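In what follows, a structure is listed as structure tokens, so that the remarks can point back to it.
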Amino acid sequence: MNRPLTTPDAIENVSRRGLLLGLGGGLILAVGLNGAALAEDAPEKFGADGDDNGWRDDPRLFIAIDETGAVTLTNHRQEMGQGIKTSLALVMTEELEADFARVKVIQADGDEPRYGNQDTDGSRSMRHVFLPLRRAGAAARTMLEQAAAARWKAPVAQVKAQNHAVVHTPTGRSLTYGELAKAAAALPVPPRETLKLKPASAFRYIGKDAVTGVDRADIVTGKAVYGGDMRPEGLVYAVVARPPVAGGTVASFDAAETLKVPGVLKVVPIDPPKEGPPFQPQGGLAVVAKSTWAAIKGRRALKVTWNDGANAAYDSDAFRKTLEASARQPGKVIHDGGDIEKALAGAAKHVTAEYYLPHLTHVSMETPTATVRARPGGGWEAWAPVQAPQVTREVVAFALGDKAENITVHVTLLGGGFGRKSKPDYVVEAAVVSKAMGGAPVKLTWTREDDIQHDYYHTVSLERLEAGLDAKGKVVAWRHRTCAPTIGSTFGPDPKHEADDELGMGAVSLPFDIPVIRVENPEAESHTRIGWFRSVSNIPHAYAIQSFVCELAAAAGRDPKDFLLELIGPARKINPRSLDDTFNYGESPALYPMDTGRLRAVIERAAKEIGWGRTLPKGRGLGVAGHYSFITYTACAMEVEVASDGTVQVIRSDLVVDCGPVVNPDRVRAQAEGSVIMGMSLALTGQISFKNGRAQQGNFDSFPVLRIDGAPKEIHTHLIGGDFDGPLGGVGEPCVPPVAPALVNAIYAATGKRVRDLPIGATLKS
30 MNRPLTTPDA IENVSRRGLL LGLGGGLILA VGLNGAALAE DAPEKFGADG
80 DDNGWRDDPR LFIAIDETGA VTLTNHRQEM GQGIKTSLAL VMTEELEADF
130 ARVKVIQADG DEPRYGNQDT DGSRSMRHVF LPLRRAGAAA RTMLEQAAAA
180 RWKAPVAQVK AQNHAVVHTP TGRSLTYGEL AKAAAALPVP PRETLKLKPA
230 SAFRYIGKDA VTGVDRADIV TGKAVYGGDM RPEGLVYAVV ARPPVAGGTV
280 ASFDAAETLK VPGVLKVVPI DPPKEGPPFQ PQGGLAVVAK STWAAIKGRR
330 ALKVTWNDGA NAAYDSDAFR KTLEASARQP GKVIHDGGDI EKALAGAAKH
380 VTAEYYLPHL THVSMETPTA TVRARPGGGW EAWAPVQAPQ VTREVVAFAL
430 GDKAENITVH VTLLGGGFGR KSKPDYVVEA AVVSKAMGGA PVKLTWTRED
480 DIQHDYYHTV SLERLEAGLD AKGKVVAWRH RTCAPTIGST FGPDPKHEAD
530 DELGMGAVSL PFDIPVIRVE NPEAESHTRI GWFRSVSNIP HAYAIQSFVC
580 ELAAAAGRDP KDFLLELIGP ARKINPRSLD DTFNYGESPA LYPMDTGRLR
630 AVIERAAKEI GWGRTLPKGR GLGVAGHYSF ITYTACAMEV EVASDGTVQV
680 IRSDLVVDCG PVVNPDRVRA QAEGSVIMGM SLALTGQISF KNGRAQQGNF
730 DSFPVLRIDG APKEIHTHLI GGDFDGPLGG VGEPCVPPVA PALVNAIYAA
780 TGKRVRDLPI GATLKS
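Just remember that our numbering sits 29 ahead of the position in the sequence shown, which is counted from 1.
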């Protein structure tokens, strides 16, 4: 099972090894998604993304049909509310011509040799799997038809799979999939070039609101299994006292009072990070007890002296000044599109603005948690809500001094992730504590305060933009200095410059038709843990750029929507101005040039839906913003009312999404609606600040999230579909970036007040 597939995008009949997979007998197919093979297909024809840079290292999905006719699909990506378990199943069901009611989805454990890269991030799960999974379903359907034809001694052309059975069209007789599964398993897999995929006109599931989520009933009835639901026999519980400053260590501690707390069993030191893979624990002291509450009480009784280390002086206010000073000086040149100084000097009008975005924390509703125990007979077993189970396996193995193949990672449902659960430090903590407890099962829980104060935060950012306008108000020069600590600091010595993929998230991949463009990246040092966050660097870049466009429109005396469309220019396909190999999270611009016509279309649609140009009462305004990320074009338009006390109420939000073909409309709409809520929440109140190296926020009282009374009175989502022969875009992340700039642009229209600093609440009330 661990050998590579012999042909790219291959489909293997692995029925003889079915027991190894736990899927029983009958027909079992394994489909491989070799990236190099997909790159050979023109994306316009097949929807392949052509990415062969290690993201999709020979993944496999398994389809099984047993002799009862039940169909099982292994889901190699993680379910965290985005609906991937359902969406993958309906794609397979479609091409297999199966009955969705008879399809079961099982969650794959972390196993890179078997499943390839299982990271659920980058809005790539469906778009990387869609076409190969269709081919696998078509292959299984073809084999079932061939088996039926052989049994009836009829030409294959006379048989047709229909709704979980194969029908002999001249006579109407039929055989069920269960009756044919064993015979089909004995047949060779049809060559890829012979497979006939269903035309979109024949789809029953893809692109339709035809099914409910495979976990929905269990979720609403409380039967669904999340990370905190595991209860193996002999379970003990743990919480950890972690260094309050990133990079800090335990100087000394006294556990005498802790050990007096009823139920407390032991205090286990956790070593600080050492050389090896990323995402190791910060170190600290674990309190192990007979209940989580006893462990929390025991932690409160600990007397710890911390060595705060190099980041002890980290102060958000002071660091902002550092970023401002850095952004006001020349930085590393990322794109040099002409003599910017000459162009700015020759402009009739020169406009400059700086935009500040603070650190943000993920605050998924389910905090980090994991249960780990030693397996009888050797090895270790973990249950956890993780976005990257194979990474979890590797880091746990390193911490335990064991081999990855001796670690089993069972993935539960995730109660939200947003990138936080791609970093499995919490699972490693549980493993280290279990080892210290002689292999006993340990459930380790992070409280909300742990979650907020020890996160891998979204980076703080200072974006400085300058533009020159000619006498007619046309932009003739553009300089963007983006200054932010990089996620790369998590993986080694702080490089102090944003990585190529971070810069490609809006800063370099600029869609504007401007004669002279220069992009610079001044240095910014990291003083806390930085990690992936939903939409990543698209958030600060889109916020700054789309807000600045609105400012330029005002300087030119123009309507901001019309001005934005003029900047984008005529419909055309363009590559980013530099970084020709990768941008936008590893996607290839050679295969995915930006289509400015599609970007124009979503902006125009959003403006139309919001009723752009209509007369509004005093204190109300309209704003619009657009962005391109993860191969998807999005635009948000908002109607906002600002009360005399500065209170902001969004009256209506219209979000337009062009992600190409829409596989599961219900989930796309849900992701878009959730993005509006999250984007507003971050813009209005989201902020992590630091004093003396310590995060100042600790729970929802100090890091509030949007409540019902603060949500838009109306949220409208509009999907622009695409040809299923074309490429798919992402959905989970690209809807967030245009929300904040649409909001602040509407605030300006309502009040005449510019908002350049997030969060905006205090700005409006000052």
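C-beta atoms are modelled at their ideal positions from N, C-alpha and C, and glycine is treated no differently.
The structure presented is a predicted model; accordingly, all values stated were derived computationally and were not measured.
Under the rule that 16 or more other beta-carbon atoms within 10 Å means buried, what is residue i, buried or exposed?
i	result
MET394	exposed
LEU52	Only weak support is given to the placement of LEU52: the predicted model assigns it a pLDDT of 49, under 50, and the value that follows is read from those uncertain coordinates. The residue is buried, with at least 16 neighbouring Cβ atoms inside 10 Å.
VAL249	exposed
SER704	buried
TRP322	exposed
ALA600	exposed
LYS114	buried
GLN111	buried
ASP346	exposed
GLY312	buried
VAL362	exposed
HIS105	buried
PRO359	exposed
PHE447	buried
GLN575	buried
PHE520	exposed
ASN721	exposed
GLY626	exposed
Please go through the same chain and pick out, in chain order, the residues whose beta-carbon is closer than 7 Å to the beta-carbon of residue i, but skip the five residues on each side of it.
i	result
ALA194	SER203, LEU204, THR205, TYR206
GLU423	PRO306, ALA433
GLN700	GLN111, VAL760, GLY761, CYS764
THR122	PHE129, VAL132, TYR234
What's the C-alpha gap between residue i and residue j?
i	j	result
ARG85	THR149	Its pLDDT being 35, under 50, ARG85 is placed unreliably by the model, and nothing is read from it.
ALA428	GLU595	55 Å
THR101	ILE680	45 Å
ILE717	ALA413	26 Å
ILE660	GLY560	22 Å
ARG783	ILE776	8 Å
VAL158	ALA417	17 Å
GLY406	VAL274	40 Å
VAL677	ILE235	39 Å
PRO397	VAL438	15 Å
PRO301	VAL461	12 Å
VAL290	ASP337	27 Å
SER697	PHE729	The residue you asked about is not Ser; residue 697 is Val in the sequence shown. Taking the straight line from one Cα to the other gives about 28 Å.
VAL293	ALA210	55 Å
THR474	GLU262	18 Å
CYS579	PHE541	14 Å
LEU608	ALA585	With a pLDDT of 40 at LEU608, under the threshold of 50, the predicted position of this residue should be treated as unreliable, though the coordinate-derived value follows. Straight-line Cα distance between these residues: approximately 32 Å.
HIS379	ARG357	15 Å
LYS295	PHE282	14 Å
THR36	PRO220	For THR36, the pLDDT reaches just 34, beneath the cut-off of 50, and the residue's location in the model is therefore unreliable, leaving the point undetermined.
ASP244	ILE436	27 Å
MET155	LEU117	7 Å
LYS525	GLY517	8 Å
Cutting at 6 Å between CB atoms, please list the residues of its own chain near residue i, excluding the five before and the five after it.
i	result
ASP238	PRO694, ASP695
PRO310	ILE299, ASP454, VAL457, GLU458
VAL545	GLY366, GLY367, ILE369, ALA372, ALA506
GLY750	VAL691
MET172	ALA213, LEU216
THR488	ALA513, PRO514, ILE559
LEU787	LEU386, ALA712
So, under 8 Å CB-CB, residue i and residue j are touching, yes? Tell me the CB distance rounded to an integer number of Å.
i	j	result
ALA779	GLY648	6 Å
ILE57	THR103	The Cβ separation is near 10 Å, so there is no contact.
LYS602	ASP624	5 Å
THR400	LYS472	4 Å
VAL333	ALA270	6 Å
VAL504	LEU628	That pair is no contact at about 17 Å.
ARG510	PRO551	6 Å
Taking 8 Å as the limit between beta carbons, can you name the residues of its chain near residue i, skipping five residues before and five after?
i	result
TYR255	GLU395, PRO414, THR441, LEU442, LEU443, GLY444
ALA179	ALA212
PHE719	TYR343, ASP344, SER345, PHE348, HIS388, HIS556, THR557, GLN725
>> My parser needs the beta strand (DSSP E) runs of 3 or more residues fully inside the segment 350 to 399; what are they?
In response: Counting only runs of at least 3 residues, the segment 350 to 399 fully encloses the following beta strand (DSSP E) elements, listed from N- to C-terminal order: 361 to 365, 378 to 386.
> Whole alpha helix (DSSP H) runs in the segment 145 to 208 with 4 or more residues, listed along the chain?
Replying inline: Under the rule that a run must span 4 or more residues, the alpha helix (DSSP H) segments found entirely inside the segment 145 to 208 read 154 to 181.
> At what residue ranges does the segment 438 to 506 contain a whole run of the beta strand (DSSP E), taking only runs of 3 or more?
Replying inline: Counting only runs of 3 or more, we get 471 to 474, 490 to 498.
> Taking the runs of the beta strand (DSSP E) that are 3 residues or longer, which of them lie wholly in the segment 260 to 346?
Replying inline: DSSP runs (the beta strand (DSSP E)) wholly in the segment 260 to 346: 265 to 270, 278 to 283, 293 to 299, 313 to 318, 332 to 336.
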